[in-house]
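Asks: Add 37 to a position in the first sequence, counting from 1, and you land on the number used in this note's numbering.
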Amino acid sequence: MPELPEVETMVRGLRMVMEGRRIQSVRVFDPFLLEKVSRRRFEQTLTGKRVRRIWRKGKWVVIELAGGFSAVIQPRMTGGFRASMDGNRPAHSRILFRVDGPHHHVWFCDTRRLGRVALVDEVELAAKLSADHHGPEATDITATELAAALAGTKRPIKAALLDQRVVSGIGNIYADESLFDARIHPERRANQLTAAEVRKLCRSIRRIIRLAISMQGTTMRNYFNVFGEAGSFQDRHRVYGRKDDPCVRCKTPIVRANIDGLLGRSTHYCPTCQRHE
DNA sequence: CGGTTACCCTGGATGC
DNA sequence: TGCATCCAGGGTAACC
38 MPELPEVETM
48 VRGLRMVMEG
58 RRIQSVRVFD
68 PFLLEKVSRR
78 RFEQTLTGKR
88 VRRIWRKGKW
98 VVIELAGGFS
108 AVIQPRMTGG
118 FRASMDGNRP
128 AHSRILFRVD
138 GPHHHVWFCD
148 TRRLGRVALV
158 DEVELAAKLS
168 ADHHGPEATD
178 ITATELAAAL
188 AGTKRPIKAA
198 LLDQRVVSGI
208 GNIYADESLF
218 DARIHPERRA
228 NQLTAAEVRK
238 LCRSIRRIIR
248 LAISMQGTTM
258 RNYFNVFGEA
268 GSFQDRHRVY
278 GRKDDPCVRC
288 KTPIVRANID
298 GLLGRSTHYC
308 PTCQRHE
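1) Under 8 Å: do the segment 179 to 194 and the segment 230 to 238 share three or more Cβ pairs, one atom per stretch?
2) Let me make sure I understand the geometry here. Which of Ala180, Arg226, Ile132, Phe270 has the alpha-carbon closest to that of tyrosine 211?
3) Secondary structure at aspartate 147, three-state DSSP: helix, strand or coil?
4) In the DSSP output, what is glutamate 72 paired with across the bridge?
5) Tell me the rounded alpha-carbon separation between glycine 57 and arginine 135.
6) Among the residues of its own chain, which have a CB less than 7 Å from the CB of glutamine 201, if the five just before and after it don't count?
7) Valine 263 and valine 74 look like a contact to me (Cβ under 8 Å); what is the Cβ gap, rounded to whole Å?
8) Can you have a look at leucine 198 and say buried or exposed, based on whether 16 or more other CB atoms are within 10 angstroms of its CB?
9) Can you give me the C-alpha to C-alpha distance between leucine 216 and tyrosine 306, rounded to a whole angstrom?
10) For the segment 281 to 292 and the segment 248 to 258, state whether three or more C-beta atom pairs, one from each stretch, are separated by less than 8 Å.
11) When you compare the CB positions of isoleucine 110 and leucine 83, do they come within less than 7 Å of one another, or not?
12) Using only alpha-carbon positions, find the residue among Gly278, His313, Arg89 that is nearest to proline 193.
13) Taking the continuous beta strand (DSSP E) assigned at phenylalanine 118, which residues delimit it?
14) For the alpha helix (DSSP H) containing lysine 237, name the first residue and the last one.
15) Among Tyr277, Gly117, Val292, Thr190, which one has its Cα closest to the Cα of glycine 265?
16) Would a C-beta distance cut-off of 7 Å place arginine 206 and aspartate 158 closer than the cut-off?
17) Kindly give me the distance between the Cβ atoms of proline 223 and lysine 191, rounded to whole angstroms, as I take these residues to be in contact under 8 Å.
18) Could you have a look at valine 44 and say whether DSSP puts it in helix, strand or coil?
19) Could you name the residues that DSSP lists as bridge partners for arginine 20?
20) Mapping DSSP to helix, strand and coil, what is isoleucine 194?
21) Going by beta-carbon coordinates alone, are serine 107 and leucine 162 separated by less than 7 Å?
22) So, is valine 160 buried or exposed, given that buried needs 16 or more other C-beta atoms within 10 angstroms?
23) Can the beta-carbon of aspartate 297 be found less than 7 Å from the beta-carbon of isoleucine 291?
24) How would you call methionine 122, buried or exposed, if buried means at least 16 neighbouring beta carbons within 10 angstroms?
25) For serine 215, which three-state DSSP category applies?
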C-alpha cells in the first residue's frame, strides 16, 4: 500500500523507536518474505547489533546496522511496522525485532505477504539502491531529470510515473493526484509532453509528495504509522477515490478508468481539466 | 531494446 | 446468511 509519503512516515517512526538502539533478538515468523537469506542467518546476523541509521530509498526501507549489514524492507502493498510496549502479536505480524528502548517490540506486519525483506552487505546495498531500480526521489526530482527520463519513452505518462527508475516513490495515488494538479491527461505519451508541461508536472509531484509527507500520508484502508495512527492526506485527494464526485475545479464528474500498460490499476482523472491533446 | 503480461498473496467489499 | 467474484496504494520475471 505505501508510497513515498507513507514510507517516509514509517521511517520517521522507526527512527524514534529503533535508531541508536541495540537489537536484542529477532524472530521471523514467516520466512516466505525473506529474499535469498535463511531465517536462521537473518535472525543471527541482526541479533546483538546496534541500529546505526534508518532511512528510505523510494518506497524501500533500509535499517542500517553497525558492522556493515543492512536489512532492506519492501513493504509493497500491505507491509508496515508497528511498535508496541507489550509482546502481544498484532494481526499478520511476520517478523519481530526486540530492542532495548521503551517500545521493546517492533513488528513487521504484512497482510498479503507480498513484502520482501533482504539482508545485504555494503556492496549488495549499493546494487539494490542503484539506478537499476531507482531514479531521482519524487521529493526533489528536477525538471531536467524528469525531462531526460521521459524523452526516451512513448508509454502513457502515468505508466512512466509508476516506473521507479523514472522517479522513485510514486505509486497509483500520487500519480493520479500529480497529473490532476498539473492538468495532464494520464494517457498522454510521455515523450510528447511539452517542456512547460514537464516543468509543471515536476513541480506538482514535488509539491504533492511533500504536502502528503507533512500530513503523514494517505490512509484509505489499512495504512497506519508505527504508532498505529492514520494519515490525513486522503482529505486532500482531488481525484483518487473520488469517482463521480464533482471536480474541485470545474465540477465535471471524476472518471475512474483502466488504461493500458498499468497492470489493471485504476486511474482517476477529470476529463475536462486533463485534456488529451 | 522497449513495452506488455502474468503472477506473487490475502482479506474486505460487493453482488446475487 | 452463504457463496462467488472483484478489487487493492507494488514489483519483477518472462515474454513478444
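Heads up, the beta-carbon is just placed ideally off N, CA and C, and yes, glycines get one too.
Replies: Once the coordinates are examined:
1) yes
2) Phe270
3) strand
4) Ala155
5) 13 Å
6) Gly95, His170, His171, Gly172
7) In fact, because the Cβ distance is near 24 Å, the residues do not count as touching under 8 Å.
8) Classification for leucine 198: buried.
9) 8 Å
10) no
11) Between isoleucine 110 and leucine 83, the C-beta gap is not smaller than 7 Å, which leaves the two residues out of contact.
12) It is His313.
13) 116 to 121
14) Here the alpha helix (DSSP H) through lysine 237 covers 232 to 251.
15) Comparing Cα positions, the closest option is Gly117.
16) The question names arginine, yet the displayed sequence has glycine at residue 206. The answer is no: Cβ separation not under 7 Å.
17) Between lysine 191 and proline 223 the Cβ distance is about 14 Å, and since that is not below 8 Å, they are no contact.
18) helix
19) This structure cannot settle anything about residue 20, because the visible part of the chain is limited to 38 through 314.
20) helix
21) For serine 107 and leucine 162, yes; Cβs fall inside 7 Å.
22) exposed
23) no
24) With fewer than 16 other Cβ atoms from the protein chains shown falling within 10 Å of its own Cβ, methionine 122 counts as exposed.
25) If DSSP states are grouped into helix, strand and coil, serine 215 belongs with the helices.
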